[in-house]
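Colleague:
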Amino acid sequence: MLQYLVKRLLFAVPTLLAVLTVVFFIARILPGDPAQVILGEQASAEAIQALRLRLGLERPLIQQYAGFMAGALTGDWGSSMVTGRPVLGEVLNVIPYTIELTAASVILGAIIGIPLGVWSALHRNRLIDYVTRIGSLLGLSFPAFVMAIMLLLVFAIQLSWFPVISSGGSGSLGVRLQHLALPAINLGIIMAAYITRVTRSSMLEVLGEDYIRTAHAKGVPALAVVWRHSLRNALIPVVTVVGLYLGILIGNSVLTEIVFNRPGLGKLIVGALTQRDYTMLQGLMVVYTFVIVVVNLLTDLTYGMIDPRVKYQ
Amino acid sequence: MVEPAVLSVDGLTTEFRIAGKWHAAVRDIGFELARNETLALVGESGCGKSITALSIMGLIPKAAGRVAKGRILFEGRNLPELADDEMRKIRGDRIAMIFQEPMTSLNPVLTIGFQVAEVLRYHRDLGPGEARAQALDILDQVKIPSARDRLDDYPHQFSGGMRQRVMIAMALACQPRVLLADEPTTALDVTIQAQVLVLLAELKQRYGMSMIFISHNLGVVATIADRVAVMYAGEIVEIAPVGELFDRPTHPYTEALLRSIPRVDRTSDALVAIPGQVPPISRMPQGCRYAPRCGLKQPICERAGPPLEPVPGSGATHRARCWVRAGGTGAAA
Amino acid sequence: MTAVAQSPDAAPPPRSAFLQLVRAFNANKTSWVGLATMAIVLLVAIFAPLLATHDPVEQNILDKLKGPSAEYILGTDSFGRDIWSRVVYGARISLWIGTVSILIAMVVGSVIGMIAGYFGGKLDILVMQAMDVLLSFPSLILGLMVVAMMGPSIGNLIFAIALTAIPPFARIARAPTVSVKERDYIEACRALGYSHPRILTVHILPNIFPEILVMGSLWLATAIRVEASLSFIGLGVRPPTPTWGSMIREGFENILDTAWLSLVPSVAILIVVFALNMIGDGLRDVVDPKLKGERGG
Numbered sequence: 081m082l083q084y085l086v087k088r089l090l091f092a093v094p095t096l097l098a099v100l101t102v103v104f105f106i107a108r109i110l111p112g113d114p115a116q117v118i119l120g121e122q123a124s125a126e127a128i129q130a131l132r133l134r135l136g137l138e139r140p141l142i143q144q145y146a147g148f149m150a151g152a153l154t155g156d157w158g159s160s161m162v163t164g165r166p167v168l169g170e171v172l173n174v175i176p177y178t179i180e181l182t183a184a185s186v187i188l189g190a191i192i193g194i195p196l197g198v199w200s201a202l203h204r205n206r207l208i209d210y211v212t213r214i215g216s217l218l219g220l221s222f223p224a225f226v227m228a229i230m231l232l233l234v235f236a237i238q239l240s241w242f243p244v245i246s247s248g249g250s251g252s253l254g255v256r257l258q259h260l261a262l263p264a265i266n267l268g269i270i271m272a273a274y275i276t277r278v279t280r281s282s283m284l285e286v287l288g289e290d291y292i293r294t295a296h297a298k299g300v301p302a303l304a305v306v307w308r309h310s311l312r313n314a315l316i317p318v319v320t321v322v323g324l325y326l327g328i329l330i331g332n333s334v335l336t337e338i339v340f341n342r343p344g345l346g347k348l349i350v351g352a353l354t355q356r357d358y359t360m361l362q363g364l365m366v367v368y369t370f371v372i373v374v375v376n377l378l379t380d381l382t383y384g385m386i387d388p389r390v391k392y393q
Numbered sequence: 412m413v414e415p416a417v418l419s420v421d422g423l424t425t426e427f428r429i430a431g432k433w434h435a436a437v438r439d440i441g442f443e444l445a446r447n448e449t450l451a452l453v454g455e456s457g458c459g460k461s462i463t464a465l466s467i468m469g470l471i472p473k474a475a476g477r478v479a480k481g482r483i484l485f486e487g488r489n490l491p492e493l494a495d496d497e498m499r500k501i502r503g504d505r506i507a508m509i510f511q512e513p514m515t516s517l518n519p520v521l522t523i524g525f526q527v528a529e530v531l532r533y534h535r536d537l538g539p540g541e542a543r544a545q546a547l548d549i550l551d552q553v554k555i556p557s558a559r560d561r562l563d564d565y566p567h568q569f570s571g572g573m574r575q576r577v578m579i580a581m582a583l584a585c586q587p588r589v590l591l592a593d594e595p596t597t598a599l600d601v602t603i604q605a606q607v608l609v610l611l612a613e614l615k616q617r618y619g620m621s622m623i624f625i626s627h628n629l630g631v632v633a634t635i636a637d638r639v640a641v642m643y644a645g646e647i648v649e650i651a652p653v654g655e656l657f658d659r660p661t662h663p664y665t666e667a668l669l670r671s672i673p674r675v676d677r678t679s680d681a682l683v684a685i686p687g688q689v690p691p692i693s694r695m696p697q698g699c700r701y702a703p704r705c706g707l708k709q710p711i712c713e714r715a716g717p718p719l720e721p722v723p724g725s726g727a728t729h730r731a732r733c734w735v736r737a738g739g740t741g742a743a744a
Numbered sequence: 002m003t004a005v006a007q008s009p010d011a012a013p014p015p016r017s018a019f020l021q022l023v024r025a026f027n028a029n030k031t032s033w034v035g036l037a038t039m040a041i042v043l044l045v046a047i048f049a050p051l052l053a054t055h056d057p058v059e060q061n062i063l064d065k066l067k068g069p070s071a072e073y074i075l076g077t078d079s080f081g082r083d084i085w086s087r088v089v090y091g092a093r094i095s096l097w098i099g100t101v102s103i104l105i106a107m108v109v110g111s112v113i114g115m116i117a118g119y120f121g122g123k124l125d126i127l128v129m130q131a132m133d134v135l136l137s138f139p140s141l142i143l144g145l146m147v148v149a150m151m152g153p154s155i156g157n158l159i160f161a162i163a164l165t166a167i168p169p170f171a172r173i174a175r176a177p178t179v180s181v182k183e184r185d186y187i188e189a190c191r192a193l194g195y196s197h198p199r200i201l202t203v204h205i206l207p208n209i210f211p212e213i214l215v216m217g218s219l220w221l222a223t224a225i226r227v228e229a230s231l232s233f234i235g236l237g238v239r240p241p242t243p244t245w246g247s248m249i250r251e252g253f254e255n256i257l258d259t260a261w262l263s264l265v266p267s268v269a270i271l272i273v274v275f276a277l278n279m280i281g282d283g284l285r286d287v288v289d290p291k292l293k294g295e296r297g298g
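Chains as they are written, first to last, in this note's numbering: chain L, 81 to 393; chain C, 412 to 744; chain U, 2 to 298.
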């Protein structure tokens with residue numbers, strides 16, 4: 081198992097390098113001179129030249145690339161061009177909030193989505209199934225910020241159950257949870273919509289399998305057939321989808337953090353983008369890539385827990 | 412037959428809904444199964460053998476199918492009338508079934524030991540430890556090598572033949588009175604087939620079970636069955652003791668079926684395929700279902716379906732569904 | 002259960018992609034609802050100049066933040082602009098950016114996927130690896146990066162959204178190409194001396210077309226959502242051009258007083274995305290062979 085983990089992490093290195101390379105070259109290939117963008121339209125040629133030197137943009141591309149890669153991998157991500165504080169420190173400050181938010185929304189999505197999907201599959205083509213299918217389709221049609229605004233309007237502004245600005249809450253667990261609730265519900269509902277749909281279709285597939293017929297032929301009660309014989313098999317594709325959904329979830333968490341004014345990677349990246357903080361952006365790209373690699377690994381480990389056919393070697 | 416039948420099926424008709432209409436997949440199936448007897452159901456795929464077995468088990472999917480008519484008497488009760496939970500208590504305990512596909516019939520995420528023990532836990536109210544001990548005992552009986560070490564293995568770690576042994580172990584765990592075996596050896600290699608057949612015969616003898624053995628392979632049937640029912644397009648067209656059926660096939664379909672299997676005592680050019688196709692269940696002919704493919708067809712055959720009647724010159728145990736060859740009523744037409 | 006499987010009623014699958022789509026629509030009523038809704042939205046976008054009661058960018062400070070009235074059907078925003086007219090014109094922007102970017106992604110992605118699948122070998126491996134890396138990256142973040150670097154304009158938005166949508170089309174075009182090219186008739190075409198482009202367009206494209214179209218409708222929904230998200234963040238089309246995302250953004254700044262401003266465009270986005278998802282979802286059930294078992298019975 082440990083051996084497998086090490087091996088997987090080693091395999092992740094090429095992916096990491098590839099994404100970093102893509103990030104580096106996208107930033108260089110795209111038109112627009114960062115120095116020009118930072119200093120604005122009216123900047124003098126000398127000022128721009130000076131900034132280009134400071135940013136290392138005058139060095140050969142290969143050297144820039146080597147420097148960028150070396151820095152990215154050793155944790156030397158430079159300092160923010162706006163605040164002057166180390167990028168790594170800034171990122172580490174807010175990352176717990178983003179992890180907390182995404183983890184809570186995945187858990188919430190699973191708690192809502194899995195039972196709903198199972199229920200829908202068991203009542204296939206009945207009213208409850210149609211309602212669930214249409215409802216989940218509606219759920220995943222919501223742009224994350226639209227649902228966030230609606231939740232904010234109803235539960236924070238009208239009902240005042242939750243704070244309007246979810247600063248994250250630094251105090252007690254209760255306060256922290258209160259700040260987490262609405263953003264997590266927002267992402268959780270969208271997550272639940274996806275999970276419901278996959279669970280339903282994968283459950284339908286499993287219910288038609290030969291081994292389910294075997295379970296019935298053995299006289300296993302219907303409820304046990306669902307929970308013990310079907311669900312675990314049905315969850316295998318659900319794990320895949322949750323893993324694939326991560327990209328959307330990260331995007332949605334950016335929007336959610338903006339609407340609820342909540343600290344996190346999303347707010348950091350939008351701030352960096354509007355202020356043209358290139359070092360910060362590069363650092364954030366490394367973080368996102370790393371997160372994706374880690375989540376892919378977690379997904380694979382989850383497979384192993386669910387499906388005994390998966391071998392770690 | 413002095414002893415009452417263990418299982419008796421009478422007028423069984425099972426229907427499926429296709430495009431909003433109900434169509435009979437099997438029609439007017441009737442037979443009795445004596446204690447310790449093996450009855451083989453044979454016929455081409457799609458003839459309704461498996462539907463018959465699933466109807467007995469009460470496993471026809473409710474959304475699309477139903478047992479429309481007929482009785483299935485077992486231990487004094489009519490099975491189609493039982494509540495779901497009563498039927499569930501019979502399944503796997505008093506009547507058990509093994510399936511054709513050992514590769515897909517075991518749950519891939521549960522251990523072999525659990526899957527065998529589960530039957531005992533539900534039907535015998537055994538605790539986990541006791542059920543496991545008994546499961547081990549059964550796995551030994553079906554000759555799984557070093558079963559003790561393999562209880563915690565998963566199905567993918569077993570070969571096809573071994574998985575079918577596990578299926579048999581699960582089916583026999585509660586010592587059922589009737590075993591339904593749906594093509595249990597079809598998916599296996601020939602040598603493994605023989606081993607599994609021997610094992611089934613042996614265990615049947617030991618437990619005093621009755622068995623319904625479904626197969627399309629007449630060679631296998633000849634070795635294991637006491638009686639044979641030949642099915643065609645959802646009906647039993649001929650039923651007879653195994654020797655009688657092979658010596659005196661009466662229904663033209665049975666004849667054709669026997670001609671279509673290679674045999675060492677016949678030259679290969681006598682091997683004949685049956686012309687034509689089985690009619691689809693939504694477009695059954697009005698008369699005899701075999702008439703469109705039959706060489707002996709008479710005018711009456713297309714007007715009315717023949718009943719299952721004793722074959723002239725045999726005892727009441729040999730019956731066939733043919734105007735021309737059985738019953739005598741239609742022979743003159 | 003073999004008897005059921007033998008059901009003869011199923012007509013042979015229709016050959017043309019068009020007929021297949023018609024059948025798909027008839028099989029699922031929600032597809033029709035989605036299509037009807039989209040048709041209406043499309044008409045609104047086309048006839049926006051006729052439907053709009055005001056100039057969408059005309060400011061009328063005296064009438065700012067008015068509620069719905071005969072003059073202003075849905076009221077006015079904080080600059081006194083007519084919300085109804087802005088929503089109607091916003092449909093044009095959303096549909097235009099969404100459709101063009103997805104068409105580009107469809108064409109480019111399909112070509113990449115077909116070429117990779119058809120020629121195989123190292124090219125295939127290299128191209129698909131690149132696609133996987135691109136795919137693993139959150140599309141909104143990628144879009145944010147591109148637009149932020151290139152500056153917000155309709156062209157750049159289209160480029161950014163198309164870029165994030167290329168990998169899925171490349172993937173979906175590649176798999177059938179690989180399997181189709183092994184078939185005998187493709188061998189025969191080669192033996193007859195047909196050129197590669199001809200084989201690809203005449204013999205392989207029709208096979209993958211239905212799936213690409215289904216993906217297209219689902220990704221069009223995503224594209225419209227991403228465009229709105231970028232506008233909401235402030236990286237969309239420059240104001241005062243009316244886009245739904247930027248209208249929500251402006252309304253959101255005054256959310257405590259005038260929630261109305263952000264709710265109207267929110268509902269507009271929701272209707273369009275939901276309708277597109279209904280179309281795509283209904284079609285997918287029929288086109289995706291893995292889900293085919295879901296119907297009937």
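Note that the Cβ used here is the ideal one computed from N, Cα and C, for glycine as well.
In this text the structure is predicted, and so the values were computed from the model without any measurement.
#1: What residues in the region 369-392 of chain L have a beta carbon less than 9 Å from any beta carbon of chain C?
#2: Given this structure, state the Cα-to-Cα distance separating L669 of chain C from R389 of chain L, to the nearest angstrom.
#3: In chain L, which residues lie less than 8 Å from V134 of chain U when you measure between Cβ atoms?
#4: Please tell me whether G344 of chain L and R499 of chain C are closer than 8 Å, where the distance is taken between their beta carbons.
#5: Out of U:G144, U:L104, U:S180, U:I62, point me to the one whose CA is closest to I205 of chain U's CA.
#6: Can S516 of chain C and M468 of chain C be called in contact, C-beta distance under 8 Å?
#7: Which residues in the same chain have their Cβ closer than 8 Å to the Cβ of I316 of chain L, if we skip the five residues on either side of it in sequence?
#8: With respect to the beta strand (DSSP E) encompassing K500 of chain C, which residues constitute its N-terminal and C-terminal limits?
#9: By how many angstroms is the C-alpha of P491 of chain C removed from the C-alpha of V478 of chain C?
#10: Helix, strand or coil: which one does DSSP assign to P621 of chain C?
#11: Counting contacts by CB-CB distance shorter than 8 Å, is V86 of chain L in contact with chain U?
#12: With DSSP collapsed to three states, give me the class of L97 of chain L.
#13: Can you have a look at L172 of chain L and say buried or exposed, based on whether 16 or more other CB atoms are within 10 angstroms of its CB?
#14: Grab the span of the beta strand (DSSP E) containing H432 of chain C for me, first residue to last.
#15: Excluding the 5 residues preceding and the 5 following P50 of chain U in the sequence, name in chain order all residues of the same chain whose CB lies nearer than 7 Å to its CB.
#16: What number of angstroms, rounded off, separates the C-alpha of P721 of chain C from the C-alpha of V689 of chain C?
#17: If we call anything under 8 Å between Cβ atoms a contact, is G91 of chain U one with T244 of chain U?
#18: Consult DSSP for A183 of chain L and reduce its assignment to one of helix, strand or coil.
#19: Does the beta carbon of F91 of chain L sit closer than 8 Å to a beta carbon anywhere in chain U?
#20: Apart from the five residues just before and just after K432 of chain C, which ones in its own chain have a Cβ nearer than 8 Å to its Cβ?
#21: Relative to the C-alpha of S570 of chain C, which candidate in C:I555, C:A584, C:R559, C:D560 has its C-alpha closest?
#22: When every heavy atom of the ligand GDP is checked, does at least one fall within less than 7 Å of the C-beta of L656 of chain C?
#23: So which residues on chain L does A40 of chain U lean against when the C-beta distance must stay under 7 Å?
#24: Compare the C-alpha of T728 of chain C against each of C:V417, C:L450, C:R438 and name the closest.
#25: Nearest by alpha-carbon distance to G724 of chain C: which of C:L423, C:R659, C:P717 is it?
#26: Is the beta carbon of L277 of chain U sitting closer than 8 Å to the one on G35 of chain U?
#27: Determine which residues of the region 542-558 of chain C have a Cβ less than 8 Å from any Cβ of chain L, and write them out in chain order.
#28: In three-state DSSP terms, what is G268 of chain L?
#29: Closer than 8 Å is the cut-off here; do at least three beta carbon pairs connect the region 636-644 of chain C with the region 595-608 of chain C?
#30: Would you call A6 of chain U buried or exposed, if buried means 16 or more other Cβ atoms sit within 10 Å of its Cβ?
#31: Going by beta-carbon coordinates alone, are I483 of chain C and T425 of chain C separated by less than 8 Å?
#32: Start and end of the alpha helix (DSSP H) containing G654 of chain C?
#33: Might you give, ordered along the chain, the residues of its own chain that have their beta carbon closer than 6 Å to the beta carbon of A744 of chain C, omitting 5 neighbours on each side?
Modeller: So, from the listed chains and residues:
#1: I386, D387, P388, R389
#2: Within the second sequence, residue 669 of chain C is the residue found at index 258, counting from 1. Within the first sequence, residue 389 of chain L is the residue found at index 309, counting from 1. Straight-line Cα distance between these residues: approximately 43 Å.
#3: By one-based count along the third sequence, residue 134 of chain U stands at place 133. Under the 8 Å cutoff, chain L gives T95, A98, V99, V102.
#4: Counting from 1 along the first sequence, the entry for residue 344 of chain L is found at position 264. Counting from 1 along the second sequence, the entry for residue 499 of chain C is found at position 88. Cβ atoms of G344 of chain L and R499 of chain C: not closer than 8 Å.
#5: Against the third sequence, residue 205 of chain U aligns to sequence position 204. I205 of chain U has its Cα closest to that of U:S180, out of U:G144, U:L104, U:S180, U:I62.
#6: Looking up residue 516 of chain C in the second sequence gives position 105. Looking up residue 468 of chain C in the second sequence gives position 57. No, they are not a contact pair.
#7: What you label residue 316 of chain L is simply residue 236 of the first sequence in a count that begins at 1. Around I316 of chain L: S282, Y383, I386, D387.
#8: In the second sequence, the residue the question calls residue 500 of chain C occupies position 89. Taken as a continuous stretch (DSSP letters only), K500 of chain C belongs to no beta strand (DSSP E), being part of the alpha helix (DSSP H) at 495-501.
#9: Stepping through the second sequence from its first residue, residue 478 of chain C is reached at position 67. Stepping through the second sequence from its first residue, residue 491 of chain C is reached at position 80. Approximately 7 Å between the Cα atoms of the pair.
#10: For the purposes of this step, residue 621 of chain C is taken as residue 210 along the second sequence, with counting starting at 1. According to the sequence displayed, residue 621 of chain C carries Ser and not Pro. DSSP places S621 of chain C in the strand class (E or B) of the three-state scheme.
#11: As a first step, residue 86 of chain L is located in the first sequence; it is residue number 6 there, counting from the start. It does not: the Cβ of V86 of chain L has no partner Cβ on chain U nearer than 8 Å.
#12: Numbered from its first residue, the first sequence carries residue 97 of chain L at position 17. Helix.
#13: The sequence position of residue 172 of chain L within the first sequence is 92, counting from 1. Exposed.
#14: On the second sequence, residue 432 of chain C is found 21 positions in, with the first residue counted as 1. Sequence check: residue 432 of chain C is Lys here, not His. 432-444 is the span of the beta strand (DSSP E), which, as asked, contains K432 of chain C.
#15: Position 49 of the third sequence, counted from the first residue, corresponds to residue 50 of chain U. Correct list: empty, nothing qualifies.
#16: Here the question's residue 721 of chain C lines up with position 310 in the second sequence. Here the question's residue 689 of chain C lines up with position 278 in the second sequence. Spanning the two alpha carbons is a distance of roughly 25 Å.
#17: Residue 91 of chain U sits at position 90 when you count from the first residue of the third sequence. Residue 244 of chain U sits at position 243 when you count from the first residue of the third sequence. Annotated as proximal: G91 of chain U and T244 of chain U, with beta-carbon spacing under 8 Å.
#18: Position 103 of the first sequence, counted from the first residue, corresponds to residue 183 of chain L. The answer is helix: DSSP assigns A183 of chain L an H, G or I state.
#19: Within the first sequence, residue 91 of chain L is the residue found at index 11, counting from 1. Nearest CB-CB separation between F91 of chain L and chain U: not below the 8 Å threshold.
#20: To locate residue 432 of chain C, count along the second sequence from 1; it is residue 21. These residues qualify, in order along the chain: S693.
#21: The residue you call residue 570 of chain C lines up with position 159 of the second sequence. Out of C:I555, C:A584, C:R559, C:D560, C:I555 has the C-alpha closest to the C-alpha of S570 of chain C.
#22: Among the components modelled here there is no ligand, and therefore nothing to report on the ligand GDP.
#23: Here residue 40 of chain U refers to the residue found at position 39 of the third sequence. Per Cβ cutoff of 7 Å: no residues; A40 of chain U is ~18 Å from chain L at best.
#24: For the purposes of this step, residue 728 of chain C is identified with residue 317 of the second sequence, where counting begins at 1. Closest option to T728 of chain C, Cα to Cα, is C:L450.
#25: On the second sequence, residue 724 of chain C is found 313 positions in, with the first residue counted as 1. Residue C:R659 is the option with its Cα nearest to G724 of chain C.
#26: Along the third sequence, one-based indexing puts residue 277 of chain U at 276. Along the third sequence, one-based indexing puts residue 35 of chain U at 34. A Cβ-Cβ contact shorter than 8 Å links L277 of chain U with G35 of chain U.
#27: none
#28: Here residue 268 of chain L is taken as the residue at index 188 of the first sequence, counted from 1. G268 of chain L: helix per DSSP, three-state reduction.
#29: no
#30: Against the third sequence, residue 6 of chain U aligns to sequence position 5. Note that A6 of chain U scores a pLDDT of 36, beneath 50, so its modelled location is shaky and nothing firm can be said.
#31: The residue labelled residue 483 of chain C in the question sits at position 72 within the second sequence. The residue labelled residue 425 of chain C in the question sits at position 14 within the second sequence. With respect to T425 of chain C, I483 of chain C sits apart: the two C-beta atoms are not nearer than 8 Å.
#32: Numbered from its first residue, the second sequence carries residue 654 of chain C at position 243. Going by DSSP, G654 of chain C is part of the alpha helix (DSSP H) stretching over 653-658.
#33: The residue labelled residue 744 of chain C in the question sits at position 333 within the second sequence. Any reading at A744 of chain C needs caution, since the residue's pLDDT is 37, under 50, leaving its predicted position unreliable; the model's value is listed next. The answer, listed in chain order, is Q709, I711.
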